[in-house]
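Quick note: our numbering has the sequence shown finishing at residue 286, numbered continuously throughout.
One structure is given here, and the rest of the page talks about it.
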Amino acid sequence: MSPVTAGVLQMLALIAALALAYRPLGDRMARVYSSEKHYRPEKWIYKVIGANPSAEMRWPAYLRAVLAFSAVSVLFLYLMQRMQGSLPGSLGFSSIDPDQAFNTAASFVANTNWQSYYGEQAMGHVVQTGGLAVQNFVSAAVGMAVAVALVRGFSRSRTGELGNFWSDLVRGTVRILLPISVIGAIVLVACGAIQNFAGIHEVGQFMGGTQQWNGGAVASQEVIKELGTNGGGYFNANSAHPFENPSPFSNLFEVFLILVIPFAMTRTFGRMVGNLRQGYAILAT
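Set out below in structure tokens:
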């Protein structure tokens with residue numbers, strides 16, 4: 002098979018997969034953000050953070066909640082990096098310099114994920130999984146929540162209420178991002194991506210000499226990196242690294258993950274405004 006033929010077939014497979022996911026995922030997201038029911042794990046989270054998920058917010062309150070959560074997230078991730086040398090699972094890495102720690106924290110929270118460091122040579126397991134991977138989830142959930150608040154602004158009339166940020170944040174994470182990520186991580190592991198908490202291994206090379214490789218919870222972080230359209234990966238090479246993206250199928254799957262939520266969100270828009278053709282119009286553009 003020629004490279005051109007293979008490329009065309011992969012493109013057709015990607016389009017077909019997105020088309021199959023468009024309706025069920027779009028409708029699912031519309032139901033999640035429109036439901037008045039709160040699951041038990043979600044109630045526990047609301048109790049811990051002291052939020053009332055049923056209280057509607059006008060846009061100033063919604064904006065304050067977004068900014069407050071983002072500010073706390075920056076501080077939390079910054080402190081984790083600064084304290085890395087004292088944390089378990091640091092793999093012997095020292096604490097991150099203040100300027101680098103702030104740059105990384107701000108970029109991951111803002112979902113821009115500027116990565117100006119070698120992940121495998123700077124970040125231990127706790128910072129990678131408890132810090133960066135968590136922000137890959139919640140920063141994406143914040144973006145989805147703001148998008149849904151905007152949709153409510155179009156669909157509602159004679160009211161300034163846009164929903165509840167805390168409810169949107171938790172539901173987006175628990176009901177949408179987490180389930181897809183669990184399934185996606187299993188797929189990536191089956192493809193050959195690594196998922197462990199091993200330390201640094203020194204291996205021999207064919208041409209002589211040795212090379213060091215890190216273990217890590219790579220598959221679980223890779224899947225949310227793509228699903229949430231985040232940029233920072235476990236390794237500096239990101240998805241060009243064979244531990245993150247080991248096969249042609251995994252590459253196609255990861256491209257699918259990048260596109261599936263934005264693609265399906267257009268149907269969510271149509272459902273929430275009560276006119277599916279409006280969603281099709283956005284998709285067509």
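Just so it is clear, CB atoms sit at the ideal spot from N, CA and C, and this is done for glycine as well.
Predicted model, so just to flag it, every value in this text is computed and none were measured.
**Request:** Taking Ser200 as part of the beta strand (DSSP E), name the residues at either end of that continuous run.
**Result:** In the sequence shown, the residue the question calls residue 200 occupies position 199. With the sequence shown as reference, residue 200 is identified as Gly, and Ser is not the correct amino acid for it. It is not in any beta strand (DSSP E) - Gly200 carries neither H nor E in the DSSP assignment.
**Message:** Give me the DSSP bridge partner(s) of Arg272.
**Reply:** Locating residue 272 in the sequence shown gives position 271, counting from the first residue. Beta-bridge pairing links Arg272 to no other residue.
**Contact between the stretch 143-162 and the stretch 183-201 (3+ Cβ pairs under 8 Å)** = no
**Prompt:** What are the partner residues of Thr113, as DSSP defines its beta bridges?
**Reply:** Residue numbering aside, residue 113 sits at position 112 when the sequence shown is read from its first letter. Its beta-bridge partners do not exist; DSSP assigns none.
**Request:** May I ask you to report which of helix, strand or coil DSSP gives Glu162?
**Result:** Taking the sequence shown and counting its residues from 1, the one referred to as residue 162 is at position 161. It is a strand residue.
**Request:** May I ask which residues mark the beginning and end of the alpha helix (DSSP H) holding Phe6?
**Result:** The residue given as residue 6 occupies position 5 in the sequence shown. Before going on, a small fix: residue 6 reads as Thr here, not Phe. Where Thr6 is concerned, the enclosing alpha helix (DSSP H) stretches over 4-35.
**Prompt:** At which residues does the alpha helix (DSSP H) containing Gln82 begin and terminate?
**Reply:** Your numbering for residue 82 matches position 81 in the sequence shown. From DSSP, the alpha helix (DSSP H) with Gln82 extends over 60-83.
**Message:** Check for me: the alpha helix (DSSP H) holding Gln122 runs from which residue to which?
**Reply:** Here residue 122 refers to the residue found at position 121 when the sequence shown is read from its first residue. Looking at the DSSP string, the run of the alpha helix (DSSP H) that includes Gln122 is 120-123.
**Message:** What does the Cβ neighbour count give for Asp169, buried or exposed, with the cut at 16 atoms within 10 Å?
**Reply:** For the purposes of this step, residue 169 is taken as residue 168 along the sequence shown, with counting starting at 1. Answer is buried; the Cβ neighbour count reaches 16.
**Asked** Which residues bound the alpha helix (DSSP H) around Asn239?
**Response** By one-based count along the sequence shown, residue 239 stands at place 238. From DSSP, Asn239 is part of no alpha helix (DSSP H); its letter is neither H nor E.
**Asked** Touch check for the stretch 123-136 and the stretch 155-168: three-plus C-beta pairs under 8 Å?
**Response** no
**Message:** Based on DSSP bridge pairs, tell me the residues matched to Gln212.
**Reply:** Position 211 of the sequence shown holds residue 212. Note: Gln212 sits in a beta bridge opposite Val204.
**Residue of Gly200, Ala220, Leu178 minimising C-alpha distance to Leu235** = By one-based count along the sequence shown, residue 235 stands at place 234. Per the sequence shown, the amino acid found at residue 235 is Tyr instead of Leu. Of the candidates Gly200, Ala220, Leu178, the one whose C-alpha sits nearest the C-alpha of Tyr235 is Ala220.
**Request:** Can you say whether Val261 is buried or exposed, counting buried as having 16 or more other CB atoms within 10 angstroms of its CB?
**Result:** Residue numbering aside, residue 261 sits at position 260 when the sequence shown is read from its first letter. With 16 or more Cβ atoms within 10 Å of its Cβ, Val261 is classed as buried.
**Request:** Rounded to whole angstroms, what's the CA-CA distance from Gly86 to Gly93? Just pull it up for me.
**Result:** Walking along the sequence shown from the start, residue 86 turns up at place 85. Walking along the sequence shown from the start, residue 93 turns up at place 92. Their backbone Cα atoms lie some 7 Å apart in a straight line.
**Asked** Should Ala141 and Leu228 be called a contact, given that it needs their Cβ atoms to be closer than 9 Å?
**Response** The count along the sequence shown starts at 1 and reaches residue 141 at position 140. The count along the sequence shown starts at 1 and reaches residue 228 at position 227. Contact flag set, yes.
**Prompt:** Where does Arg159 land, buried or exposed, given buried means 16+ other C-beta within 10 angstroms?
**Reply:** Counted from its first residue, the sequence shown places residue 159 at position 158. With fewer than 16 Cβ atoms within 10 Å of its Cβ, Arg159 is classed as exposed.
**Where Ser108 sits in the DSSP three-state scheme** = Against the sequence shown, residue 108 aligns to sequence position 107. Looking at Ser108 - three-state DSSP - the assignment turns out to be helix.
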